[in-house]
Structures are given as structure tokens and as C-alpha cells.
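Chemist: First the structure, which I've put down as C-alpha cells, then a few questions once you've had a look.
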Amino acid sequence: MAQFEEVSQKSAVHPKPVGLVLQYGTAGFRTNSKQLDHVMFRMGLLATLRSKKTKATIGVMVTASHNPEEDNGVKLVDPMGEMVTPAWEGYATQLANAEQEELLTALKDIIERETISMAQEASVFVGKDTRPSSDSLSQAVLDGVHALGGHNYGLVTTPQLHYMVCCQNTQGRYGEATVKGYYRKLSQAFIQLTKNVPNRTDDQKALLVDGANGIGALKVCEMETYLKNELQLSLFNDGSSGKLNHLCGADYVKVQQRAPKGVEMTAGERCCSYDGDADRIVYYYSGSAGRFHLLDGDKIATLISTYLKELLSRHTHSSVFPDTHTHMRSVLTSPLSSQVIVRCTKTGVKHLHHAAQEFDIGVYFEANGHGTVLFSKAAEEKIQKLAQDSNTNDERRRAALLLQNTVNLINQTVGDAISDMLLIEAVLAIRGMTVQQWDAIYTDLPNRQLKVKVADRRVIDTTDAERRTVSPAGLQEAIDSRVKKYRQARSFVRPSGTEDVVRVYAEADTQESADALAHEVSLAVYRLAGGVGEEPKPL
Ligand code: G16
1 MAQFEEVSQK SAVHPKPVGL VLQYGTAGFR TNSKQLDHVM FRMGLLATLR SKKTKATIGV
61 MVTASHNPEE DNGVKLVDPM GEMVTPAWEG YATQLANAEQ EELLTALKDI IERETISMAQ
121 EASVFVGKDT RPSSDSLSQA VLDGVHALGG HNYGLVTTPQ LHYMVCCQNT QGRYGEATVK
181 GYYRKLSQAF IQLTKNVPNR TDDQKALLVD GANGIGALKV CEMETYLKNE LQLSLFNDGS
241 SGKLNHLCGA DYVKVQQRAP KGVEMTAGER CCSYDGDADR IVYYYSGSAG RFHLLDGDKI
301 ATLISTYLKE LLSRHTHSSV FPDTHTHMRS VLTSPLSSQV IVRCTKTGVK HLHHAAQEFD
361 IGVYFEANGH GTVLFSKAAE EKIQKLAQDS NTNDERRRAA LLLQNTVNLI NQTVGDAISD
421 MLLIEAVLAI RGMTVQQWDA IYTDLPNRQL KVKVADRRVI DTTDAERRTV SPAGLQEAID
481 SRVKKYRQAR SFVRPSGTED VVRVYAEADT QESADALAHE VSLAVYRLAG GVGEEPKPL
């Protein structure tokens, strides 16, 4: 078949280094950009097959998100804008690791197993972030989809690509499948939500944004005019000089618990940081004594859930939302546990997303700031009906209209820094809350996150939504015995799905105890799980 001959010829231009083995991880393939050319080409092929199989548009995003600038990666986006289904993650790994001469066999194997008709048209949207390597790597993806209807969107944030894939596959019901369509939909909803808030001052409209020197900075600039001064952004780390994610961005701020480079905060000023592909956000401010305060994914989930709960409670007498639950991860210290259903899953938006889909309204956020809100079809329909119902009283109608615009403001396909930022700003404005009042909803225990290098991080196996380790032998016992030494302490260990490290998390009643516990657990990991390099030192 001519198609296979073309695959053969083109794959020779994107050869696989012999013996190199990579794994489709938490968010696709991710490693040093120099190792990825063949993977990109093959993911172009796989996305084309997935498109033929689903008879829908599929997305391919070239990004390594929060990783350092020299890394890159690729993730596939399924028809409704969600992460690709697990069975196809397996095919992705199989295809990426087939040696050069086995590629056609591997490809044909997938075609056969999935009974794909090669005569079916294909449509693939390709997006990329601003890394220097993203140009040539996205070209390699396009070589894979070439002549099969691929569409190159060029520079977009990851959530914009997810959004456009969903728009395309819902024939525009979710919105217009363009970047401008995305700006219009979100900004209109934001303006509708905030326009009736009385006396919003310039100070209340002001927000400092750290763009992580990435694609989010470019895109939020493009969006600003659509917001008609309802939000006044001061942008830092806009990519004009600094390096991507270096001393800035959501991951840096969350892990280091300090402001990013270049952002000068005055007391009480609201600030936020995106990550490299703008699918995560964290907020922070400086307290009166100059102390740094972080508002991470848990705090964001709490703010949004309590806002939704409050709006929904205006409808409780009508039993319109009998099954409204909220889902999120690790907010056990928050007052929310008494008001909503809280559930934990393994790390990875794909796991959270599926769990959240089980509810009428599912709010999910990872502590790192990755998350969104999902509304079931039934919930959306009810909200729409109520907003249009002229028999309902004013207060309930107003609540339904707020809910309707809230739905429109949210990118339900995946966590989205820009959409989440607008939602948080709208909620704070509507509730008349300062960032300190938001922070005061509950108090975080002091905590510390560390990374440990081991020879092979797969030796660590976990259970109970990654809260306990089952191997290597003795590790969980070692963690338990150290946790017992401190007050209000917890500690978790798990292999990262995006970096070649083991992540250690510890919390306790004081920062000193959290730091000491994190160090002791890191040492246990180093000693029992095959640590490499220098032994972890006390902080
Ligand atoms: C990806 C996933 C997130 C996950 C993160 C870090 O995010 O989509 O769900 O939290 O990786 O994973 P880990 O801690 O296992 O390395 P991103 O923003 O890097 O694409």
C-alpha cells in the first residue's frame, strides 16, 4: 500500500536510536528533546490512526509543560478534549519503542487489533509550546500525519488545543474551534460574571501574572484586549529574555514556596504563576510581615467548591440538583470534607478527570494547580432551563445566570491556567473576597516536597491512590516509623510520571518538623530504593 511505503520512506528521516526505550507516562512522552524526533513522527502516525478509528479530530501537543527548557514531550488528545484512552497509551509505547525495521509491523498490528479502515479520512490538530526544540519536533509530528488531513495550529497553550479538538468534534457546540473563539467565549463569560459587581476598584482588578517565560505569557497578552479592562494584568517572565520555567512558573513557586524571579510583590497584592504550557496555575501573596503565602490547587478547589455550593444552595428547595457532589484530591485539612464528597485518585489529571465525571458537578485540582470543573450534561441543561425560566424568583434566576456564565468560563476539557485564573478572579469579585480572606478558609499544615534520584524509579510501587508504598520491602514501614516521631505528620512517596525522580512529600505541625521528616523519608528512599549520586542532605 502506498501509505505504508510513504511511512517507510519518511521514517528513515526520523530514525529511532537503537535500543532506546521510552514510556508513555502521566502526560505522554517526556525526556530530553534530542531523544524525541522519532517519537514525534510516530505519534503523528498514531494520532492519524486514532482519528481514523474514532472518525473524529485528534490533538497532538508538543510540550514538556513544567520540565526544564531542554526537555520536550508529546501528549495525545482524544475527541472530547480529554487525554487519550489507556489502551492507546499502550500502543503509543509500543510504536515509539519499535526498532526501525519493526515499525511497519507494529503499525499494522495496531490497525488489525483496532480494525481500522485506512480509507477513512483523518484529521489531526497539532499544537506546540515555545521551547526552542518545539519547531522541529512539531514538524516531525506533521510528517507523520502528512497528506492525511493534519492541521497545524502552531503556538497554542495545551488547554487551547484540548478546547479546539472538543469544539471541532462537537460541531461548534462547545465553541468555535479557533484561538479567537476561545478568547471570545471565555472573556464574554468573565465580563458577564463581573459586570454587576458593585464598585470594583482598579486595585481589585489588578493581578500580577508570572508567565513562566512560556506560551501562556504570549496567549494571555493576546487575550487582554478581549477583557476590556475588567482585569488589569501586569505580566512578568513573558519570555522576552528569561529561560522557560527557570526560577519561575507554577512548579517552581509551589515547590520552593517563594515568589518567582522578577516579581516584586507589595503586601496583599494578588499574584499567580502559570507553568510552561499554561495548564496549571497557583496563586500567592506577601503578608504584612513579608511572609510568602501560597494558594495552591487545594485552596483553588476550596474556593471554587464553596462558591458553587453557595450558588446551588439557593436552589435547594426546588431539589434541582439532588446529586451535586464535589470531587478533589488532598484537601483533607479543609472544612470542605463536611460539605462535599472528597475523593482521592492517583496523580495525573487523566485519573482525576474520570473520577470527576461520575458526579453532576465535579471539581478536581491537584495540589500543583492542575485542575478544572466538570458539569454533567444533565446539570448543564438544568442550569440553562433555570436561567431562562421567567417564573422563578429574582434571586434564584440570578444564581442560575451566574452558574450559566461560570460554566461558559470553564474549560472543561482539561486544567487551564487562563480559564482558572479568570474563574478565580470572578469568584473573588462576586464574593467580595480579598486574597487573605480566601487564604483564611483553612490553614495549610507546613509541608515540604523533595526529589530523590534512584537508579530505576519503577522499583517503587504504590497503592491507596499513591498514599502507601508496597515495594521495595520495608519502605512503608520506614516511612511509618518516621512519621510517628512528629505531630500532625504525614508523608507520601511515589515515582514521578514526568521526570526521572522519586517524589517525597511530608507535612507536620511546624516547618522544621516537615523539613526534618521530608529529609528522613528521602534518606529511607535513597537507601531502600537504590539511590544514586549523593545522599540527601538535611535542609
Ligand atoms: C502532568 C500531569 C499532572 C501531574 C504532573 C506531574 O502535568 O498532567 O496531572 O500532576 O504531570 O506529575 P509527576 O509529579 O508525576 O511528575 P504537566 O503540567 O507536567 O503536563
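FYI, in the UniProt record's numbering the residues of the sequence shown are 1 to 539.
Glycine included, C-beta positions come from ideal geometry on N, C-alpha and C.
In this text the structure is predicted, and so the values were computed from the model without any measurement.
1. What residues in its chain sit with their C-beta under 6 Å from that of H14, if we drop five residues either side in the sequence?
2. Would you decide whether K34 is buried or exposed? Buried here means 16 or more other CB atoms lie within 10 Å of its CB.
3. Do F125 and G28 count as a contact pair if the criterion is CB distance below 8 Å?
4. What's the gap between the Cα of Y182 and the Cα of A516?
5. Tell me which residues share the same chain as L20 and place their Cβ nearer than 6 Å to its Cβ, disregarding the 5 neighbours each side in the sequence.
6. Just tell me which of K385, L244, L428 has its CA closest to the CA of L193.
7. Along the chain, where does the alpha helix (DSSP H) that runs through H162 open and close?
8. Does the beta-carbon distance from T158 to A47 come in below 8 Å?
9. Distance check for L409 and I383, CA to CA, integer angstroms please.
10. Assign A289 to buried or exposed, taking buried as 16 or more other Cβ atoms, counted over all protein chains shown, within 10 Å of its Cβ.
11. I need the boundaries of the alpha helix (DSSP H) containing N405, first residue and last residue.
12. Thinking C-alpha only, which one of L218, V263, N213, G497 is nearest S241?
13. Cα separation between A524 and L352?
14. Going by Cα to Cα distance, which pick from I281, A12, Y285 is closest to T421?
15. Return the CA-CA distance between H327 and L104, expressed in angstroms with no decimal places.
16. For S187, which residues in the same chain have their Cβ closer than 6 Å to its Cβ, ignoring the five residues on either side in sequence?
17. Is the region 61-81 close to the region 153-171, with three or more CB pairs under 8 Å?
18. Which partner residues of A506 appear in the DSSP bridge assignment?
19. Let me know the secondary structure DSSP gives Q257 once reduced to three states.
20. If you compare alpha carbons, which of E535, N229, E380, Q412 is closest to V454?
21. Looking only at its chain, what residues have a beta carbon closer than 8 Å to the beta carbon of G533, apart from the 5 residues adjacent to it on each side?
22. Quick one: what's S286 bridged to in DSSP?
23. Nearest-angstrom Cα distance between L45 and V145?
24. Which residues does DSSP list as the beta-bridge partners of D461?
25. Quick check on DSSP: helix, strand or coil for N213?
26. Output the boundary residues of the beta strand (DSSP E) element that contains T31.
27. Please name the residue in S117, G348, C271, L475 whose C-alpha comes closest to that of K205.
28. What are the start and end residues of the alpha helix (DSSP H) that includes Q388?
29. For Q476, which three-state DSSP category applies?
30. In angstroms with no decimal places, state the Cα-to-Cα distance between K449 and Q171.
31. Looking only at its own chain, which residues have a Cβ that is under 6 Å from the Cβ of M433, when we skip the five neighbours before and after it?
32. Please report how far the alpha carbon of Y505 lies from the alpha carbon of M118, in whole angstroms.
33. Check whether the Cβ atoms of D296 and A356 sit closer than 8 Å, and answer yes or no.
34. Would you identify the three-state DSSP class for Y226, choosing helix, strand or coil?
35. Could you tell me which residues DSSP pairs with C272 in its beta bridges?
36. My output table needs one value for K55: the three-state DSSP class, helix, strand or coil.
Modeler: Let me lay it out:
1. In the sequence shown, residue 14 corresponds to position 14, counting from 1. Excluding sequence neighbours, H14 sits near D37, H38, F41, A140.
2. In the sequence shown, residue 34 corresponds to position 34, counting from 1. By the neighbour-count rule (16 or more Cβ atoms within 10 Å), K34 is not buried but exposed.
3. As a working note, residue 28 is residue 28 in the sequence shown. As a working note, residue 125 is residue 125 in the sequence shown. At a Cβ-Cβ threshold of 8 Å, G28 and F125 do not count as neighbours.
4. Here residue 182 corresponds to residue number 182 of the sequence shown, with the count starting at 1. Here residue 516 corresponds to residue number 516 of the sequence shown, with the count starting at 1. Rounded to the nearest angstrom, the two C-alpha atoms are 46 Å apart.
5. Here residue 20 refers to the residue found at position 20 when the sequence shown is read from its first residue. So the list is empty, once near-sequence residues are dropped.
6. As a working mapping, residue 193 is identified with position 193 in the sequence shown. Checking every option, the nearest Cα to that of L193 belongs to L428.
7. Looking up residue 162 in the sequence shown gives position 162. Where H162 is concerned, the enclosing alpha helix (DSSP H) stretches over 158-169.
8. Position 158 of the sequence shown, counting from 1, holds the residue named residue 158. Position 47 of the sequence shown, counting from 1, holds the residue named residue 47. For T158 and A47, no; Cβs fall outside 8 Å.
9. Residue mapping note: residue 383 aligns to position 383 of the sequence shown, counting from 1. Residue mapping note: residue 409 aligns to position 409 of the sequence shown, counting from 1. Going by the C-alpha atoms only, they are around 14 Å apart.
10. Locating residue 289 in the sequence shown gives position 289, where the first residue counts as 1. Per the 10 Å Cβ criterion, exposed.
11. Counted from its first residue, the sequence shown places residue 405 at position 405. Run containing N405: 394-409, per the alpha helix (DSSP H) assignment.
12. Locating residue 241 in the sequence shown gives position 241, where the first residue counts as 1. The shortest C-alpha separation from S241 is found at N213.
13. The count along the sequence shown starts at 1 and reaches residue 524 at position 524. The count along the sequence shown starts at 1 and reaches residue 352 at position 352. Cα-Cα distance, rounded: 29 Å.
14. Counting from 1 along the sequence shown, the entry for residue 421 is found at position 421. The displayed chain sequence assigns Met, not Thr, to residue 421. Comparing Cα-Cα distances from M421 to each of I281, A12, Y285, the minimum goes to I281.
15. Within the sequence shown, numbered from 1, the residue matching residue 327 stands at position 327. Within the sequence shown, numbered from 1, the residue matching residue 104 stands at position 104. In this prediction, H327 has a pLDDT of 35, which is less than 50 and means its spatial position is unreliable; nothing more can be read from the coordinates.
16. Translated into the one-based positions of the sequence shown, residue 187 becomes position 187. Correct list, in chain order: Y226, L227.
17. yes
18. Along the sequence shown, read from residue 1 onward, the residue named residue 506 stands at position 506. Answer is R448, S491.
19. In the sequence shown, residue 257 corresponds to position 257, counting from 1. Here Q257 carries a coil assignment [DSSP, helix/strand/coil].
20. Looking up residue 454 in the sequence shown gives position 454. When each option's Cα is compared against that of V454, the closest is E535.
21. Here residue 533 is taken as the residue at index 533 of the sequence shown, counted from 1. Within the same chain, and ignoring the five residues on either side of G533 in sequence, the residues whose Cβ sits closer than 8 Å to its Cβ are K453.
22. Position 286 of the sequence shown holds residue 286. DSSP, once it has assigned bridges, lists F292 as partnering S286.
23. Your numbering for residue 45 matches position 45 in the sequence shown. Your numbering for residue 145 matches position 145 in the sequence shown. Each residue's alpha carbon lies about 6 Å from the other.
24. Locating residue 461 in the sequence shown gives position 461, counting from the first residue. The partner list for D461 (beta bridge, DSSP) reads S471.
25. On the sequence shown, residue 213 is found 213 positions in, with the first residue counted as 1. Coil, per DSSP.
26. By 1-based counting over the sequence shown, the position of residue 31 is 31. 29-32 is the span of the beta strand (DSSP E), which, as asked, contains T31.
27. One-based indexing of the sequence shown puts residue 205 at position 205. Among S117, G348, C271, L475, the Cα nearest to that of K205 belongs to C271.
28. As a position in the sequence shown, residue 388 is number 388, starting the count at 1. Annotation for Q388: the continuous alpha helix (DSSP H) segment containing it runs 377-388.
29. Locating residue 476 in the sequence shown gives position 476, where the first residue counts as 1. Q476 falls in the helix class under three-state DSSP.
30. Along the sequence shown, one-based indexing puts residue 449 at 449. Along the sequence shown, one-based indexing puts residue 171 at 171. According to the sequence as given, residue 449 is Gln; it is not Lys. So the two alpha carbons sit approximately 43 Å from each other.
31. Taking the sequence shown and counting its residues from 1, the one referred to as residue 433 is at position 433. The answer is none, since no qualifying residue turns up.
32. On the sequence shown, position 505 is the one that residue 505 refers to. On the sequence shown, position 118 is the one that residue 118 refers to. Between Y505 and M118, the C-alpha separation is close to 48 Å.
33. One-based indexing of the sequence shown puts residue 296 at position 296. One-based indexing of the sequence shown puts residue 356 at position 356. In this structure, A356 does not lie closer than 8 Å to D296 by Cβ.
34. Residue 226 sits at position 226 when you count from the first residue of the sequence shown. In this structure, DSSP gives Y226 a helical state, which the three-state scheme calls helix.
35. Here the question's residue 272 lines up with position 272 in the sequence shown. The partner list for C272 (beta bridge, DSSP) reads V209, Y283.
36. Locating residue 55 in the sequence shown gives position 55, where the first residue counts as 1. Here K55 sits in coil by DSSP.
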